[in-house]
Every structure is written in C-alpha cells, then in structure tokens.
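Colleague: Count along the sequence shown from 1, then add 1194; that gives the number in my numbering.
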Amino acid sequence: MAKLSKEIQKWIDIAQEDLEVAKELLQSGRYLYATFFCQQATEKAFKAVIEKEQNQEPPYIHNLARLADLAGYQCDEIALENLEDLNLHYIKGRYMVEREKLPGNKKDFALKMIQFSGEVLAWSLQKIK
1195 MAKLSKEIQK WIDIAQEDLE VAKELLQSGR YLYATFFCQQ ATEKAFKAVI
1245 EKEQNQEPPY IHNLARLADL AGYQCDEIAL ENLEDLNLHY IKGRYMVERE
1295 KLPGNKKDFA LKMIQFSGEV LAWSLQKIK
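1. Quick check on DSSP: helix, strand or coil for residue 1322?
2. Contact between the region 1268-1279 and the region 1292-1312 is defined here as three or more beta-carbon pairs at a separation below 8 Å; is this criterion met?
3. Closer than 8 Å is the cut-off here; do at least three beta carbon pairs connect the region 1261-1271 with the region 1282-1298?
4. How many angstroms separate the CA atom of residue 1322 from the CA atom of residue 1315?
5. Answer yes if the region 1212-1227 comes into contact with the region 1240-1252, meaning at least three C-beta pairs across the two stretches below 8 Å, and no otherwise.
6. Do residue 1235 and residue 1216 have their CB atoms nearer than 8 Å?
7. With distances taken Cα to Cα, identify the nearest neighbour of residue 1243 among 1226, 1209 and 1307.
8. Going straight from the alpha carbon of residue 1317 to that of residue 1226, what length do you get?
9. Helix, strand or coil for residue 1260? Go by DSSP, reduced to three states.
10. Quick check on residue 1213: buried or exposed, where buried means 16 or more other Cβ atoms within 10 Å of its Cβ?
11. Here's the rule: buried if 16 or more other CB atoms are within 10 angstroms of the residue's CB, otherwise exposed. What is residue 1238?
12. Indicate whether residue 1312 and residue 1229 have their beta-carbon atoms separated by less than 8 Å.
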C-alpha cells in the first residue's frame, strides 16, 4: 500500500479503534453504545476514502448514506438499511426518551452492525490502497 497522508491515516486509525471499542462494548453487554461506535467507525471509514479520492477534507456531515455516496460505496437495499439504522442510533441514542425503543439495545442487532461496519472498513482500506 502506498504511504497515506497523515490525515487519511488518522481517519483509518480512529475508525479501527472505534470498531474495536464497539466489540469491547458488545462483550460487556453495552449494546446501544456498541452500535453508536459502529456509526462512528463507519463515518470515519467513509471520510478516509472521501479525503483520498477528492484530495480534500471531507464535509462536516454525519449522514452515512450521503457519505457513502460521496465515497463511491455501492449500496444495496441491505447496506442502505444498515446505514439508516446507524444514523438513527447516532441521533436518537443520545436522547433518554428514544433510547429504550431502539433495536441497538439488543445483542444480535449490535453484532450485525459490528459486522457491517467491519465490512465498510475493509472496503475503505481497499479503496485507499
């Protein structure tokens, strides 16, 4: 792999760290937080690709579907649904009234998001080679 700029390498390093944190939170039974960190890892993976492809700082947005589009990530229906689920948890997971109702409170959902975020991260690593 060619040497990455410091900025792109930071996006990747922090995305990998966020995914590791998500896995640790899953193991400790903190499923909603694991899902939140999946959103963070996915966002940073897309932003690494955007910075590499466009040779500029990625936009200050958090909508994963929009970031996926900017990064050139091809979304099928399942991927788009996963991105929407992660967006939902990024926003509503911070509000007490909404937290209890989110599917991210369940282990199987958090595990599914960890697997998906890992796939996005692997894709981003391929794209920035």
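Quick reminder that beta carbons are idealized off the backbone N, C-alpha and C, glycines included.
Modeller: The short version:
1. Against the sequence shown, residue 1322 aligns to sequence position 128. The DSSP-derived three-state label of residue 1322 is coil.
2. Remark: three or more beta-carbon pairs, one from each stretch, lie closer than 8 Å, so the region 1268-1279 and the region 1292-1312 are flagged as touching.
3. Cβ pair count under 8 Å is below three, so no.
4. The count along the sequence shown starts at 1 and reaches residue 1322 at position 128. The count along the sequence shown starts at 1 and reaches residue 1315 at position 121. Between residue 1322 and residue 1315, the C-alpha separation is close to 11 Å.
5. With a cut-off of 8 Å on Cβ pairs, the region 1240-1252 is not in contact with the region 1212-1227, counting fewer than three such pairs.
6. Here the question's residue 1235 lines up with position 41 in the sequence shown. Here the question's residue 1216 lines up with position 22 in the sequence shown. The answer is yes: Cβ separation under 8 Å.
7. Position 49 of the sequence shown, counted from the start, is the residue given in the question as residue 1243. For the set 1226, 1209 and 1307, the Cα lying nearest the Cα of residue 1243 is the one of 1209.
8. Position 123 of the sequence shown, counting from 1, holds the residue named residue 1317. Position 32 of the sequence shown, counting from 1, holds the residue named residue 1226. For residue 1317 and residue 1226, the gap between their C-alpha atoms comes out near 24 Å.
9. What you label residue 1260 is simply residue 66 of the sequence shown in a count that begins at 1. Of the three classes helix, strand and coil, the one that applies to residue 1260 here is helix, per DSSP.
10. Taking the first residue of the sequence shown as 1, we reach residue 1213 at position 19. Burial call: buried.
11. Taking the first residue of the sequence shown as position 1, residue 1238 is located at position 44. Buried, by the Cβ-count rule.
12. Sequence index remark: in the sequence shown, residue 1312 carries index 118 (1-based). Sequence index remark: in the sequence shown, residue 1229 carries index 35 (1-based). Residue 1229 sits away from residue 1312, with the two beta carbons spaced by 8 Å or more.
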